[in-house]
Amino acid sequence: MAASRDKCIQCGNRHRSYDLEPPPESLASGSLDPDGKFMGMPYWFCSVECYKKAVRKFLEPRYDFDRQAEDDDDYKEHVENATVEYYVKARPGFGLLGSLFSKTAWMSERDFVQPEREKALDAFLTRKQSEITGAELELHNRLYAEWMHQIDEENKKNEAEAAKRQDQIIKLAKEEKEREEKRQRELEIEMAQQQAVKEMLSPKEIPQHIRYEHTHVLGPSGSGKTTLLQNNLLKDFVENSNPPAYIVVDPKGLMVERLARLKTFSDRVVIVDPADAPALNLFATDGRDPAQLVSDFSYIFSTTKQKLTGKQAACFQFCARMLFSLPGANLETLLDLLDDRINRKPPNPLFETVIKKLPSIPRRFFESDFYSANYASTREEIKSRIYGIAGNETLAVMFNAATRKLDLGKCIRDRKIVLVNTRLSQLKEAHQTLGRYILSLAQDAIQSRNDKHPVYVMIDEFQEFADSEKTPQLFRLLREYNGGAIVAHQNMYCDELDEATRNAISTNTSIKYASSPEAQDLNYMARDLRCSPDFLKHVHKSESDAYFACFVRGMHPPLEHPFIHDTQLGWIDEWPKISDAEYHALRERNKRMLQDSPLAFDGAAAFAAPKHDWRATLGGADVNEPIVQKQGPPSAVISQGSGQHIASAEVLDPSKPAPWKRK
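Quick note: the sequence shown uses UniProt numbering, first residue 1, plus one each step.
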């Protein structure tokens, strides 16, 4: 039996109890201590049940701990014999007269048999006690033998190690002199190499033009990625009198909160937070290229785990192209189009009119294919995607707004810092739709602008928004229009990134940061940064700084090895902050600027309140009931291109927000 002193010798559990109550059948002297030790041995059991299992290996099943006298054949036979004896003696063969003079005849069966039963019980218990004791002793002998064997092995091991150490001491003493001589010869060479390594690893200034060739940051959770992103942004405002514009997509919201509270940025930040229900009508074309919008829709309504099929994407794009020509179109309009003529409904005259005005190819699609049985299931599948968004009340309010109040083009011209909190923890997978939509807006705004001052799109948790088709396009278009992407995530080999997307990131980013990569990422990033995996293993965060290996492609002279970039932890805490009152006022102003109807929906309350089962509502009687709202002009919204504010009209009672429903 192989036994260990560090865990239960029966089950291997390392959790030890100290209040065990030994069973009454154990040795009178206490074979099992409350702390689980067995008969003074250094081994222990974690429970009484484990103790019993170990003893049972040497115990006849007839005398098991859980066996009772009534289960024993000898006991039952003894009681049966006593019962038979009672009836023999109680009814002798002398008739009634003999019974009168029989002592047994005057006793009840119970009174006669009970003493015999007790004798049999005592005999059984005595035998059971003896058998359990014998089993315990046998277990003790086995464990004792194992204990002695372990002690003997330990002694032999210690003796061997002592002899080995002595040999090593002699050998080391002999070699020490040789090493000392060799050390002196190598000292000068080593110092020269250290100086070269120090120079190679020292931080380098990254030229501005290379920053337009994009930045990739990879590191596991806790490696300091967010600190690096924050500090690089802060550095731009320290070193530049006319700093760049920033669009920051932060799924967790931590960076948004920190940056928004800095006094330096109080007049620059624009905060996009689902909790504020910003107006983000999906079909608003102000300042956007409709053709680009159509191609973006497949990306926006896909997720990293569920992409649109080719048939769905084509149908989706034709529907989107039609809706862009309809003023005021929203999610409901799209659902109406997908439902048009379903179940023999009469044609919607609005759509009939628009179809006739479409270019030849889209018109042919609607006249020949869209309403055919071949596309019925496709339309239902697309509706399911829309319901997946509309089912989230927060997204439904944003995307079903009458207008789009976020003008990223103006934000870039004004060198604003647009902070986007996609609220991953609250919106779950739906946050990807918001993030992809913002990235689509950013891409259009950057490539449509006339001025070419720097603008950076910073994306944390990039795997949530990556796409094998759109990721290369994002990198290419931003670079052509003096825009730089800064993407950060935890690993390359996650479910969200396929090989094509990994290649796009590797190929299209000239600035690469890595800290503490693990598993497959280690070799991948070593190849990408042109260094050994061992080098990257030693690049990690300290108590005061986060360290990253950094390789920059296109430097002059060219880098042969990554350098070490250190960024101070907590630097942002040293920057002046606005007060809580100023921060809340800032958020309120921002909320009024971006909301369609500021009081119609309380997004923060929606996140705090229990989730509404929108799909259950779909199955109820109120699905088609219209929702009547008193909706006037939005309160303090940004008028496209003017920057003017408009006062708000009356809206519904804000204490009773109505969930978005399809008319």
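Here a beta-carbon is modelled for each residue, glycine too, at the ideal position from N, C-alpha and C.
Asked, Found
"Residues near residue 119 in its chain [Cβ-Cβ closer than 8 Å; skip 5 each side]", "78"
"Burial state of residue 427 (16 or more Cβ within 10 Å)", "buried"
"Local Cβ density within 10 Å of residue 676, reported as buried at 16 or more and exposed below that", "As displayed, the chain neither begins before 1 nor continues past 663, which places residue 676 out of reach and without an answer."
"Whole-angstrom distance between residue 554 and residue 164, CA atom to CA atom", "55 Å"
"Where residue 611 falls: helix, strand or coil (DSSP)", "Any reading at residue 611 needs caution, since the residue's pLDDT is 44, under 50, leaving its predicted position unreliable; the model's value is listed next. Of the three classes helix, strand and coil, the one that applies to residue 611 here is coil, per DSSP."
"Where the alpha helix (DSSP H) containing residue 310 begins and where it ends", "310–323"
"Cβ contact (3+ pairs, closer than 8 Å) linking the region 214–224 and the region 428–437", "no"
"Helix, strand or coil at residue 282 according to DSSP, with G and I counted as helix", "coil"
"Beta-carbon proximity check, residue 486 vs residue 259, cutoff 8 Å", "no"
"Meets three-Cβ-pair contact criterion under 8 Å: the region 462–471 and the region 484–503", "yes"
"CB of residue 549 within 8 Å of CB of residue 514, strictly", "yes"
"Cβ-based burial, residue 110 [other Cβ within 10 Å; buried from 16]", "exposed"
"Coil, strand or helix - residue 568 by DSSP", "strand"
"Extent of the continuous alpha helix (DSSP H) to which residue 156 belongs", "109–201"
"Endpoints, alpha helix (DSSP H) assigned at residue 75", "73–90"
"Euclidean distance between Cα positions of residue 419 and residue 407", "13 Å"
"Spatially closest choice to residue 392 from 283, 375, 345, 275, by CA coordinates", "275"
"Check: residue 316 C-beta below 7 Å from any heavy atom of the ligand ATP", "Ligands in the displayed structure: none, and consequently the ligand ATP is not present."
"Residue span of the beta strand (DSSP E) that contains residue 398, given as start and end", "Per DSSP, residue 398 belongs to no beta strand (DSSP E); it is in the alpha helix (DSSP H), 393–399."
"Span of the beta strand (DSSP E) around residue 351", "Not the beta strand (DSSP E): residue 351 falls in the alpha helix (DSSP H), residues 349–357."
"Contact set for residue 237: own chain, Cβ-Cβ below 7 Å, skip 5 residues either direction", "243, 264"
"Close Cβ partners of residue 56 (< 8 Å) along its chain, the five nearest in sequence each way excluded", "64, 65, 135"
"Three CB pairs or more closer than 8 Å across the region 189–204 and the region 442–455", "no"
"Contacts around residue 318, its chain only, beta-carbon distance under 6 Å, and the 5 residues preceding and following it disregarded", "362, 365"
"Contained alpha helix (DSSP H) runs [length at least 4] in the region 208–276, N- to C-terminal order", "208–211, 225–239, 254–260"
"Separation of residue 34 from residue 47, as counted between CA atoms", "10 Å"
"Cβ neighbours of residue 484 in the same chain (closer than 8 Å, five flanking residues each side left out)", "211, 212, 213, 214, 215, 454, 455, 456, 457, 478"
"Best match in 501, 124, 506, 341 for proximity to residue 373 [C-alpha to C-alpha]", "341"
"Residue from 375, 377, 321 whose Cα sits closest to the Cα of residue 355", "321"
"Given 8 Å, three or more beta-carbon pairs between the region 522–531 and the region 160–179", "no"
"Buried versus exposed, by CB contacts within 10 Å (16 or more), residue 596", "buried"
"Assigned secondary structure, residue 525 (DSSP; H/G/I helix, E/B strand, else coil)", "helix"
"With 16 other Cβ atoms within 10 Å as the buried cut-off, status of residue 173", "exposed"
"For residue 595, the three-state DSSP class (helix, strand or coil)", "strand"
"Residue range of the unbroken beta strand (DSSP E) whose run includes residue 417", "417–421"
"Assigned exposure category for residue 40 - 16 Cβ within 10 Å defines buried", "exposed"
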